[in-house]
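Sequential numbering from 92 applies to the sequence shown in the working numbering.
Glycine included, C-beta positions come from ideal geometry on N, C-alpha and C.
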Amino acid sequence: MTQALDEPILLFNDACAVCRVIAHWVMQSAEREMGGATLIVRPIGTDPVALRAMNPGLDIWDAYANIHLLMQDGSMKTNGEAVAETLRNLPNTRWLARAFQFSFLGRRPFQSMLDVAYTILADSRPLLGCESCGIPPPWLRPFHWMAQQMAGKPAAKNHSVIAATTVLPGS
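Right under this line is the structure:
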(Lines of atoms letter the chains of each structure in order from A and count residues from 1; the text may use other names and numbers.)
(Lines give C-alpha, C1' and ligand atoms only; values in the text may rest on other atoms or scores of the structure.)
Protein backbone atom coordinates (compact mmCIF):
# COMPACT_ATOMS: atom_id res chain seq x y z
CA MET A 1 0.00 0.00 0.00
CA THR A 2 1.40 3.39 -0.91
CA GLN A 3 1.55 6.08 1.73
CA ALA A 4 0.73 9.75 1.33
CA LEU A 5 3.75 11.99 0.85
CA ASP A 6 4.34 15.57 1.96
CA GLU A 7 6.05 16.42 -1.34
CA PRO A 8 6.36 14.59 -4.68
CA ILE A 9 9.50 12.43 -5.01
CA LEU A 10 11.46 12.60 -8.26
CA LEU A 11 13.52 9.44 -8.76
CA PHE A 12 16.59 9.60 -10.99
CA ASN A 13 19.34 7.27 -12.18
CA ASP A 14 22.40 8.37 -10.17
CA ALA A 15 24.67 6.28 -12.41
CA CYS A 16 23.69 8.40 -15.43
CA ALA A 17 25.64 11.63 -15.94
CA VAL A 18 22.75 13.23 -17.85
CA CYS A 19 20.26 12.33 -15.10
CA ARG A 20 22.59 13.67 -12.38
CA VAL A 21 22.94 17.04 -14.11
CA ILE A 22 19.18 17.36 -14.58
CA ALA A 23 18.51 16.23 -10.98
CA HIS A 24 20.99 18.80 -9.68
CA TRP A 25 19.21 21.55 -11.63
CA VAL A 26 15.83 20.38 -10.29
CA MET A 27 17.16 20.34 -6.70
CA GLN A 28 18.43 23.90 -7.05
CA SER A 29 15.18 25.03 -8.66
CA ALA A 30 13.02 23.26 -6.08
CA GLU A 31 14.36 25.28 -3.15
CA ARG A 32 11.74 27.70 -1.90
CA GLU A 33 12.61 31.17 -0.67
CA MET A 34 12.00 29.98 2.89
CA GLY A 35 14.46 27.10 2.50
CA GLY A 36 12.00 24.23 1.96
CA ALA A 37 11.79 22.18 -1.21
CA THR A 38 8.74 21.90 -3.48
CA LEU A 39 9.69 18.31 -4.26
CA ILE A 40 12.18 15.69 -3.12
CA VAL A 41 14.86 14.55 -5.57
CA ARG A 42 16.22 11.11 -4.80
CA PRO A 43 18.52 8.62 -6.55
CA ILE A 44 16.98 5.24 -7.36
CA GLY A 45 19.64 3.23 -5.55
CA THR A 46 19.98 -0.54 -5.82
CA ASP A 47 17.31 -1.81 -3.42
CA PRO A 48 14.15 -2.93 -5.25
CA VAL A 49 12.43 -3.65 -1.93
CA ALA A 50 12.85 -0.03 -0.81
CA LEU A 51 11.40 1.17 -4.12
CA ARG A 52 8.43 -1.19 -3.84
CA ALA A 53 7.83 0.10 -0.29
CA MET A 54 7.41 3.59 -1.78
CA ASN A 55 5.06 2.29 -4.48
CA PRO A 56 4.24 -1.41 -5.09
CA GLY A 57 3.98 -0.81 -8.84
CA LEU A 58 7.52 0.54 -9.10
CA ASP A 59 10.02 -1.79 -10.78
CA ILE A 60 13.71 -0.96 -10.30
CA TRP A 61 14.58 -1.61 -13.97
CA ASP A 62 11.74 0.62 -15.18
CA ALA A 63 12.94 3.29 -12.75
CA TYR A 64 16.44 3.14 -14.24
CA ALA A 65 15.10 3.36 -17.79
CA ASN A 66 12.59 6.20 -17.32
CA ILE A 67 11.97 9.14 -15.01
CA HIS A 68 9.42 8.49 -12.26
CA LEU A 69 7.63 11.04 -10.09
CA LEU A 70 5.77 9.68 -7.07
CA MET A 71 2.89 11.99 -6.21
CA GLN A 72 1.54 12.91 -2.77
CA ASP A 73 -1.58 10.78 -3.30
CA GLY A 74 0.53 7.68 -4.06
CA SER A 75 0.05 7.80 -7.84
CA MET A 76 3.03 7.71 -10.17
CA LYS A 77 3.84 9.73 -13.30
CA THR A 78 6.47 8.65 -15.82
CA ASN A 79 8.27 9.97 -18.89
CA GLY A 80 6.94 13.25 -20.34
CA GLU A 81 4.08 13.40 -17.82
CA ALA A 82 6.64 13.26 -14.99
CA VAL A 83 8.65 16.05 -16.62
CA ALA A 84 5.55 18.26 -16.97
CA GLU A 85 4.52 17.61 -13.36
CA THR A 86 8.07 18.33 -12.16
CA LEU A 87 7.98 21.66 -14.02
CA ARG A 88 4.61 22.40 -12.37
CA ASN A 89 6.23 21.89 -8.95
CA LEU A 90 9.19 24.20 -9.58
CA PRO A 91 8.61 27.89 -8.80
CA ASN A 92 10.65 29.17 -11.76
CA THR A 93 9.01 26.91 -14.40
CA ARG A 94 5.39 26.82 -13.22
CA TRP A 95 4.45 29.27 -16.00
CA LEU A 96 5.88 26.96 -18.67
CA ALA A 97 4.09 23.91 -17.29
CA ARG A 98 0.71 25.48 -18.06
CA ALA A 99 1.37 24.87 -21.76
CA PHE A 100 1.38 21.11 -21.21
CA GLN A 101 -2.20 21.26 -19.88
CA PHE A 102 -3.48 23.09 -22.97
CA SER A 103 -6.02 20.94 -24.80
CA PHE A 104 -7.26 21.34 -28.37
CA LEU A 105 -9.93 19.02 -29.79
CA GLY A 106 -9.33 16.60 -26.94
CA ARG A 107 -5.58 16.47 -27.52
CA ARG A 108 -2.72 18.07 -25.60
CA PRO A 109 -0.29 19.03 -28.40
CA PHE A 110 2.43 20.50 -26.17
CA GLN A 111 2.36 17.47 -23.88
CA SER A 112 2.70 15.24 -26.96
CA MET A 113 5.75 17.24 -28.08
CA LEU A 114 7.24 16.93 -24.59
CA ASP A 115 6.64 13.16 -24.65
CA VAL A 116 8.51 12.88 -27.96
CA ALA A 117 11.35 15.12 -26.72
CA TYR A 118 11.67 13.04 -23.53
CA THR A 119 11.77 9.80 -25.55
CA ILE A 120 14.54 11.19 -27.76
CA LEU A 121 16.55 12.37 -24.73
CA ALA A 122 16.07 9.06 -22.91
CA ASP A 123 17.13 7.13 -26.01
CA SER A 124 20.15 9.40 -26.51
CA ARG A 125 21.58 9.12 -22.99
CA PRO A 126 24.21 6.51 -24.01
CA LEU A 127 25.52 8.97 -26.61
CA LEU A 128 25.68 11.70 -23.97
CA GLY A 129 27.90 9.74 -21.59
CA CYS A 130 25.53 7.52 -19.64
CA GLU A 131 27.31 4.21 -19.17
CA SER A 132 24.48 2.72 -17.08
CA CYS A 133 21.86 3.30 -19.77
CA GLY A 134 23.32 0.60 -21.97
CA ILE A 135 22.75 0.19 -25.68
CA PRO A 136 20.59 2.83 -27.37
CA PRO A 137 17.58 1.92 -29.51
CA PRO A 138 18.17 0.72 -33.09
CA TRP A 139 17.83 4.17 -34.66
CA LEU A 140 20.79 5.48 -32.61
CA ARG A 141 23.05 2.44 -32.69
CA PRO A 142 25.24 3.56 -35.64
CA PHE A 143 25.99 6.85 -33.86
CA HIS A 144 26.59 5.04 -30.57
CA TRP A 145 28.99 2.62 -32.27
CA MET A 146 30.94 5.52 -33.84
CA ALA A 147 31.13 7.34 -30.50
CA GLN A 148 32.36 4.17 -28.76
CA GLN A 149 34.99 3.58 -31.45
CA MET A 150 36.27 7.15 -31.23
CA ALA A 151 36.45 6.92 -27.42
CA GLY A 152 38.08 3.47 -27.55
CA LYS A 153 35.41 1.98 -25.27
CA PRO A 154 33.77 -1.44 -25.53
CA ALA A 155 30.04 -1.56 -26.18
CA ALA A 156 27.86 -1.14 -23.09
CA LYS A 157 25.24 -3.64 -22.03
CA ASN A 158 21.53 -3.00 -22.23
CA HIS A 159 19.47 -2.68 -18.98
CA SER A 160 17.62 -5.92 -19.80
CA VAL A 161 20.94 -7.77 -20.13
CA ILE A 162 22.13 -6.31 -16.83
CA ALA A 163 18.79 -7.19 -15.19
CA ALA A 164 19.04 -10.79 -16.34
CA THR A 165 22.55 -11.24 -14.95
CA THR A 166 22.39 -9.15 -11.76
CA VAL A 167 21.02 -10.29 -8.42
CA LEU A 168 19.88 -7.36 -6.29
CA PRO A 169 19.29 -7.47 -2.53
CA GLY A 170 15.76 -8.64 -1.74
CA SER A 171 15.25 -10.23 -5.17
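>> Tell me the rounded alpha-carbon separation between ALA141 and MET237.
In response: 38 Å
> Does the beta carbon of TRP236 fall short of 7 Å from some heavy atom of the ligand HEM?
Replying inline: No copy of the ligand HEM appears in this structure; indeed no ligand is present at all.
> So, using beta-carbon positions, are ALA173 and ARG179 closer together than 8 Å?
Replying inline: no
> Among HIS159, LEU130 and LEU219, which has the Cα closest to the Cα of ARG143?
Replying inline: HIS159
>> Going by C-alpha to C-alpha distance, which of LEU181, PHE234 and ARG111 sits closest to ARG120?
In response: The sequence as given places Ser at residue 120; Arg does not occur at that position. Nearest of LEU181, PHE234 and ARG111 to SER120, Cα basis: LEU181.
> Which stretch, first to last residue, makes up the alpha helix (DSSP H) that contains LEU178?
Replying inline: 170-180
> Near MET118, which residues of its chain fall below 7 Å by C-beta distance, leaving aside the five closest residues on each side in sequence?
Replying inline: VAL132
> Taking 8 Å as the CB-CB limit, is THR210 close to chain D?
Replying inline: The displayed structure is made up of one protein chain only, and chain D is not part of it.
> Since ILE131 is in the beta strand (DSSP E), which residue starts that stretch and which ends it?
Replying inline: 131-134
>> On the CB-based measure, 16 or more other CB atoms within 10 Å of its CB, does PHE195 come out buried or exposed?
In response: exposed
>> Among ARG111, ARG199 and LEU130, whose alpha-carbon lies nearest the alpha-carbon of GLY136?
In response: ARG111
> What residue does the beta strand (DSSP E) around ILE100 start on, and which one ends it?
Replying inline: 100-103
>> Using a 10 Å radius around the Cβ and a threshold of 16 neighbouring Cβ atoms, would you call PRO147 buried or exposed?
In response: exposed
> Along the chain, where does the alpha helix (DSSP H) that runs through LEU81 open and close?
Replying inline: In the structure as shown, the chain begins at 92 and stops at 262. Residue 81 is therefore absent and cannot be evaluated.
> Between PRO139 and LEU149, what straight-line distance do the alpha-carbon atoms span, to the nearest angstrom?
Replying inline: 8 Å
> How is LEU149 classed by DSSP in three states: helix, strand or coil?
Replying inline: coil
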